[in-house]
Structures are given as C-alpha cells and as structure tokens.
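Student: Numbering (the working numbering), first residue to last: 380 to 893.
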Amino acid sequence: MKIIFAHAILFVLIYETRKKDIEMSEVRVRIAPSPSGNLHIGTARTALFNYLFAKKNNGKFVLRIEDTDAERTSQEYIKNIFDSLKALGLNWDEGPDIGGPYGPYTQSERFDIYPKYVQELLDKGFAYECFCTPEELEAEKEEAQKNKKPYVYSKKCENLTEEEKAKLRAEGRKPAIRFNISKAQKAFHDSSILEFDDLVKGKLHVDTDLLGDFVIMKSNGAPTYNYAVVIDDMLMKISHVIRGEDHISNTFKQILIFEALGAEVPRFGHLGMILAPDRSKLSKRHGATAVSEFVEKGYLTEALINFVALLGWSPSDGQEIKPVEEIAADFRINEVSSSNSIFEYDKLNWMNSHYIKMLSIPELKEKLKPYLTKYDLTELTDAQYTRMVEITYEPLTLLSDITDAVPYFFGEDVEIDERAKETLETETAQEVLKTFMDQAVDWDWTEENLHEKLEAFRGYYKEKGIKPKVTMWAIRAAVTGRLCGADMTAILAIIGKDKTFHRVKAAMKQTLQS
RNA sequence: GCCCCCAUCGUCUAGAGGCCUAGGACAACACCCUUUCACGGUGUAGACAGCGAUUCGAAUUCGCUUGGGGGUACCA
C-alpha cells in the first residue's frame, strides 16, 4: 500500500514537472527571409520545415523580414515573399502584416531597439568600439594572406584608452562596435572550444580563437545580421532556430551573444542545402529558383511543397504523396537528413502531373485558363470547354503544357505538321478520308453516336487489313494536324460536323496538290 | 590557405552490428493495355566512395584518404 502511494506521488510529481517543462518552453520558430530577391525555393523548404516543426509541436510560426541592408531591399520582393508563402499554405501566426505580441516583425522598424543591447554588451565588456578604417582592415587581410595565415581581426582597438578614442573621434572617425569573442567564450566556457547540440546534425563545435571579433553595429549605426538576429530571436522568444547549414558558422557567434546578454539560448537545427544537378548552389542559370517562377511555369504549389518536403525527409509509411498537414503529423526534425540534396526536375514533374490529376474538373478549368489566353475561349460553349479539359488534362506535366496541347480546338483551320502530312499523303489515308466523308454525312453528331460509328468504321477497315490506329491516324491528321492528341471521338464531337468536314476537305486538297 | 559539415542505385531516400544475396520512389529500359500521345499494369537494370581498425559478424562503430558542400565581410 505504501509503495503504491509512493509511486502515485512520484508519478504526479514527474507529470507535473513535465507539464511545466512543456508549458515553459512553448515552441516558437521563425522564418526570416531577407527581401533581396523573390522567395527562393530553398527558403521555402526552410520555411516548410519550420512550419512542420511548429505544427507538430503545437507551436507558433513567426515570419520576420530581415531588411537591415536597405540597399538590397525592395518592396516588391517583400510582397513576393508574402504571396509565395501564402500560396504554399505556409501561413504564419505572427508577422509584419498581422502583427503579434513581439512586433514589429520587420527589422528596419526595430532599429531603435538594437542600440540598447549594444550598450549592455559594451557595459559588460563583451563589446568594444573599433575605429579601424576599411583600408586598415583590408591591409590586415592582405597581410594574413601573404603569410598564409587564417585571417582573424587583430583586436587592435580592443584596449583603446578614452583619450585615444576621443582623439579618433575628433578626427571625424565613427566607430563600429565589435563583439569580443574570447571574452565571452572565457566567461561561459572552460576552453576555447564552443560546442552545441544540433537538432539535425548532432554535436557541432568550433575553436572560437579562429572566429575573430565581428562587428555587431556598423559605424552608420545599423546592426549587422548576426547581432540583429540574436536580439530579435531573444525578444521574440524563439525557441528553435531551423535554417540552412550555411548558417552553422554564424550560430557559434550568435550563441555567444545570447550568453553575453544572459538570454536563453535557443536550440538550433541546420538543414542540408539544396544543390543544382551540377552540385553547385541552385542559381538562376539552372532555371527557376523562385517559387513564383515555378508557379508561372505551371507547377502546383501543392506539388512544390510536397516535393521539397521529400528533400531530406521521408515519410514513415513510405507514402510520398502527402498533404502538408499529414506530413506535419509524421514530422520529426531529428529524422531529417543532414546531407545536401540535389534538386532534380524529374520527380517534381512526376509529382506535379500527379497533383494535376487529383484536381477536379472545375478546378482545372480555372487553373488552366491563364495558359489558354492565346485562344478565343468564346468559340466553345461551357460544356465544350469542360469536355475539352476532361480529355486533355491527363498527359499534362505542367499546367502550361495545355497551351500546345489544344490548338486544334480553336479556329477554322489547322496547321498540319510534318508527320501528319506524311501520313495524309499515303493512299490508305486518302482512301480512308474519302470513305469517312461519304459515310459521316449522315451521322448524327453526338459523341455517343460518333463513338459507335467510328468503332464500326475501324472495324470495316480492320477486315480489309488496315490497323485501327492507321485508320484513326488519317482522321486525326486531317482534323488536328498531328498524329497524337486527345480522344478522337470527343474531339470530333467538340469541334462539330462542319469544322470536321471543312478540315478533312482542306487536308485532302492540300496533300493532293503537293 | 584555414575552419566546419556531409558521403547508400543517375536523383530523393529506407537502413540505429546479424532481419541486407541492401528496400521504396522518380528517371531509364522492356513487355502488356490502347484509335495516337499519355495514363495505368507487369517486369529488367542500377548503390553501401576507397583503405585500414574493432567484432564471431559492419552499409551501420572508429581512424585515415578521396570527393562534395558550406563558412572565412562594417552582406544577409
């Protein structure tokens, strides 16, 4: 009895502390793009993994715009980032447009926040003013390179006296503020080795002696990236930082700032990068890089997001086609691959065609319209347009493929391509078309009836030793100007008897002449 | 140069010392279906980078080599 009681108490105790643990550390993640370009597909993947992590852990997903570098920032890019993220379904809980308890969420609007903590670091001795000019710094670098030594800032300004500083200031020099790496490292760690436990890569470490005191505030008063990130993550109570592995070296610097400020250090997770097929960084010369470009090309955002999730992550049930919500339920950050992955179009294309097939006809009719602007859609009734979509969407890889798949539904005449022409020039084709004209005059032009009649028509020629596909090729070539395309019966039904006859006549005439 | 990370079919990956003569998906190829193209179906081919070490046993652990990637800014 006693034992049971003790167990019960222990259980309650553990339960209570665990509950507290979870409550205390609410999961808050963020995506922090810098608006110096449209939303990159790599950024989209990072955003997705943050989103998945937040969903899985009932956390918050924050969007923050990192525009401290005013020169590279543009309003247009910010809009593109918003729109792309939304299109992908990666909706944020807090952000520049919707606000939140820790705003503002745009760094340029937070410039008045940063100096306060710079002062704190200065006061604590973890930062110092640096009066070095770009030329002096450049000279240091050259010197290091000449001696084949790794470049580390000389700390020349670390121990400037007040008089020296006053003198420099009098000369008109404006100081930048540098973070004192070794001082912070010594204050919080036993050796110069700084280590942290990465969510995806495990233990990561660096020798801080090789880091060099970096600038946290530029001489013009603007914060640098590494500094602003820490202040924002701290103030926004970010619990987990999930980002590309190109940030690993920044992480060490940032950890030290967190510690120097006495702030709680978030957990970090670094994802492998997305590479182009030639194993270099995915860039413009490899084709599309921005989400919006992919969308313009005719990729569905559902396919994009599903595909990008599979770069580094795999479903536990092997089912690769999966909506984001299901991926989130199955997502574990520590199961994400820590190696880089190559962006190949093959699978994306397959996935896109798969998602196109999952669309309903009404959805397709809408989504396809932007790619049909070169045609006059009013030539078709709504029923005809519906039927056209029904018989043409299956082979589509991209939505934009529809453009070249349907020209023969529009206009009086068709252009006859080389292969079709060759077919039409055969005796068989001429014979088939002649018979077709003779018989079809009396046909009732509904798809149902056409189906029956054409079947009989093929059967008639089959008995004469002409393959069904050859029979159909003749008609197809004459009516559509090509040898492949959608279901022939439906095509005839859609374009109608008059147009069919007109085209068959034209084709016979044209090929006879040549 | 220096520092860090990574390494399974062409690509994305499964694989936590015996379940692996390494599984799946895309791509490729072949065949089937079919009025064409496609879809779909059924198959075929295809990988543990190399070398050492630990172990009765290694894709899985350790070391080295090689290859790839990233970083090294008063860019983010």
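Virtual Cβ for every residue (Gly too), placed ideally from N, Cα, C.
Since the structure is predicted, the reported quantities are computational estimates derived from the model, not experimental observations.
If you draw a straight line from the C-alpha of S659 to the C-alpha of M652, how long is it?
Tutor: Start at 1 with the first residue of the first sequence, and residue 659 comes out as number 280. Start at 1 with the first residue of the first sequence, and residue 652 comes out as number 273. In a straight line, the C-alpha of S659 is about 10 Å away from that of M652.
Student: Measuring only the C-alpha atoms, how far is A808 from E797?
Tutor: Stepping through the first sequence from its first residue, residue 808 is reached at position 429. Stepping through the first sequence from its first residue, residue 797 is reached at position 418. Between A808 and E797, the C-alpha separation is close to 15 Å.
Student: Using three-state DSSP, classify V628 as helix, strand or coil.
Tutor: The sequence position of residue 628 within the first sequence is 249, counting from 1. According to the sequence shown, residue 628 is Ser rather than Val. Reduced to three states, the DSSP call for S628 is helix.
Student: When you compare the CB positions of E488 and P480, do they come within less than 9 Å of one another, or not?
Tutor: Working through the first sequence from its first residue, we reach residue 488 at position 109. Working through the first sequence from its first residue, we reach residue 480 at position 101. No, they are not a contact pair.
Student: Could you check where the alpha helix (DSSP H) with K744 kicks off and where it finishes?
Tutor: Counting from one through the first sequence, the residue named residue 744 turns up at place 365. I740 to L747 is the extent of the alpha helix (DSSP H) around K744.
Student: Shortest alpha-carbon distance to G860 belongs to which of Y840, E791 and I845?
Tutor: The count along the first sequence starts at 1 and reaches residue 860 at position 481. That would be E791, whose Cα lies nearest to the Cα of G860.
Student: Rounded to whole angstroms, what is the Cα-Cα separation between E325 and S628?
Tutor: As displayed, the chain neither begins before 380 nor continues past 893, which places residue 325 out of reach and without an answer.
Student: Per DSSP, which one or two residues make a beta bridge with R489?
Tutor: As a first step, residue 489 is located in the first sequence; it is residue number 110 there, counting from the start. In DSSP, R489 forms no bridge with anything.
Student: Under the three-state reduction of DSSP, which class applies to P513: helix, strand or coil?
Tutor: Here residue 513 refers to the residue found at position 134 of the first sequence. It is helical.
Student: Pull up the DSSP beta-bridge partners for L650, would you.
Tutor: What you label residue 650 is simply residue 271 of the first sequence in a count that begins at 1. BP columns for L650 point to G623.
Student: Could you round the C-beta distance between A856 and I770 to whole angstroms and report it? I think they count as a contact, below 8 Å.
Tutor: On the first sequence, residue 856 is found 477 positions in, with the first residue counted as 1. On the first sequence, residue 770 is found 391 positions in, with the first residue counted as 1. At roughly 18 Å, the Cβ-Cβ gap does not stay under 8 Å, so A856 and I770 are not in contact.
Student: Would you kindly report the start and end of the unbroken beta strand (DSSP E) that includes K439?
Tutor: The residue you call residue 439 lines up with position 60 of the first sequence. K439 to L442 is the span of the beta strand (DSSP E), which, as asked, contains K439.
Student: Following the continuous alpha helix (DSSP H) through R409, name the residue where it begins and the one where it ends.
Tutor: The residue given as residue 409 occupies position 30 in the first sequence. No alpha helix (DSSP H) contains R409, which is instead part of the beta strand (DSSP E) from R407 to I410.
Student: According to DSSP, is I873 part of a helix, a strand, or is it coil?
Tutor: Here residue 873 refers to the residue found at position 494 of the first sequence. It is helical.
Student: Is the beta carbon of I684 closer than 9 Å to that of G648?
Tutor: For the purposes of this step, residue 648 is taken as the residue at position 269 of the first sequence. For the purposes of this step, residue 684 is taken as the residue at position 305 of the first sequence. No, Cβ-Cβ distance for G648 and I684 is not below 9 Å.
Student: Provide the residue(s) that pair with P602 in DSSP beta bridges, ordered along the chain.
Tutor: Walking along the first sequence from the start, residue 602 turns up at place 223. DSSP, once it has assigned bridges, lists M596 as partnering P602.
Student: Assuming T776 contacts N731 under a Cβ cut-off of 8 Å, what Cβ separation, rounded to an integer in Å, is found between them?
Tutor: Start at 1 with the first residue of the first sequence, and residue 776 comes out as number 397. Start at 1 with the first residue of the first sequence, and residue 731 comes out as number 352. Confirmed, about 6 Å.
Student: I need the boundaries of the beta strand (DSSP E) containing D577, first residue and last residue.
Tutor: Along the first sequence, read from residue 1 onward, the residue named residue 577 stands at position 198. Taken as a continuous stretch (DSSP letters only), the beta strand (DSSP E) holding D577 covers I572 to D577.
Student: With 16 other CB atoms within 10 Å as the buried threshold, where does E624 fall?
Tutor: The count along the first sequence starts at 1 and reaches residue 624 at position 245. Under this definition E624 is a buried residue.
Student: How about E499 and L640: do their beta carbons lie closer than 9 Å?
Tutor: Taking the first sequence and counting its residues from 1, one reaches residue 499 at position 120. Taking the first sequence and counting its residues from 1, one reaches residue 640 at position 261. Yes, the Cβ-Cβ distance between E499 and L640 is below 9 Å.
Student: Measuring CB to CB, does E508 end up less than 9 Å from K544?
Tutor: Within the first sequence, residue 508 is the residue found at index 129, counting from 1. Within the first sequence, residue 544 is the residue found at index 165, counting from 1. Yes, Cβ-Cβ distance for E508 and K544 is below 9 Å.
Student: Under a three-way DSSP split, which group does A669 fall into?
Tutor: For the purposes of this step, residue 669 is identified with residue 290 of the first sequence, where counting begins at 1. Three-state DSSP puts A669 in a strand.
Student: Using CA coordinates, which residue listed in E638, L661 and F815 is at the minimum distance from K562?
Tutor: One-based indexing of the first sequence puts residue 562 at position 183. With distances taken between Cα atoms, K562 lies closest to E638.
Student: Roughly how many angstroms separate the alpha carbons of K398 and V406, rounded to a whole number?
Tutor: Here residue 398 refers to the residue found at position 19 when the first sequence is read from its first residue. Here residue 406 refers to the residue found at position 27 when the first sequence is read from its first residue. Confidence in K398 is poor, its pLDDT being 37 and thus under 50, which makes the residue's placement too unreliable to answer from.
Student: Taking one C-beta from the region 436 to 450 and one from the region 569 to 587 each time, how about it: are there three or more such pairs within less than 8 Å?
Tutor: With the cut-off at 8 Å, the region 436 to 450 and the region 569 to 587 do not touch.
Student: Beta-carbon separation of Y750 and G677 under 9 Å?
Tutor: Numbered from its first residue, the first sequence carries residue 750 at position 371. Numbered from its first residue, the first sequence carries residue 677 at position 298. Cβ distance < 9 Å, so Y750 and G677 count as in contact.
Student: Going by DSSP in three states, L689 sits in which element: helix, strand or coil?
Tutor: Position 310 of the first sequence holds residue 689. Coil, per DSSP.
Student: K439: which of V768, L469, I572 and E705 sits nearest, CA to CA?
Tutor: By one-based count along the first sequence, residue 439 stands at place 60. Nearest of V768, L469, I572 and E705 to K439, Cα basis: L469.
Student: With a cut-off of 8 Å, do at least 3 Cβ pairs link the region 407 to 425 to the region 457 to 467?
Tutor: In short, these stretches touch, since the Cβ pair count reaches three.
Student: Assuming I873 and F788 form a contact by the criterion Cβ under 8 Å, report the distance between their Cβ atoms to the nearest whole angstrom.
Tutor: The residue given as residue 873 occupies position 494 in the first sequence. The residue given as residue 788 occupies position 409 in the first sequence. With a Cβ gap of about 6 Å, I873 and F788 count as contacting.
Student: Which residues mark the beginning and the end of the beta strand (DSSP E) in which R557 is found?
Tutor: Here residue 557 refers to the residue found at position 178 when the first sequence is read from its first residue. That run of the beta strand (DSSP E) goes A555 to F558.
Student: Could you pull the start and end residues of the alpha helix (DSSP H) that H830 belongs to?
Tutor: Counted from its first residue, the first sequence places residue 830 at position 451. Segment E826 to E842, the alpha helix (DSSP H) holding H830.
Student: Consult DSSP for G421 and reduce its assignment to one of helix, strand or coil.
Tutor: If you number the first sequence from 1, residue 421 lands on position 42. Reduced to three states, the DSSP call for G421 is helix.
Student: Taking contact to mean 3 or more Cβ pairs, one atom from each stretch, closer than 8 Å, check whether the region 873 to 882 and the region 837 to 853 are in contact.
Tutor: Short answer: they don't touch.
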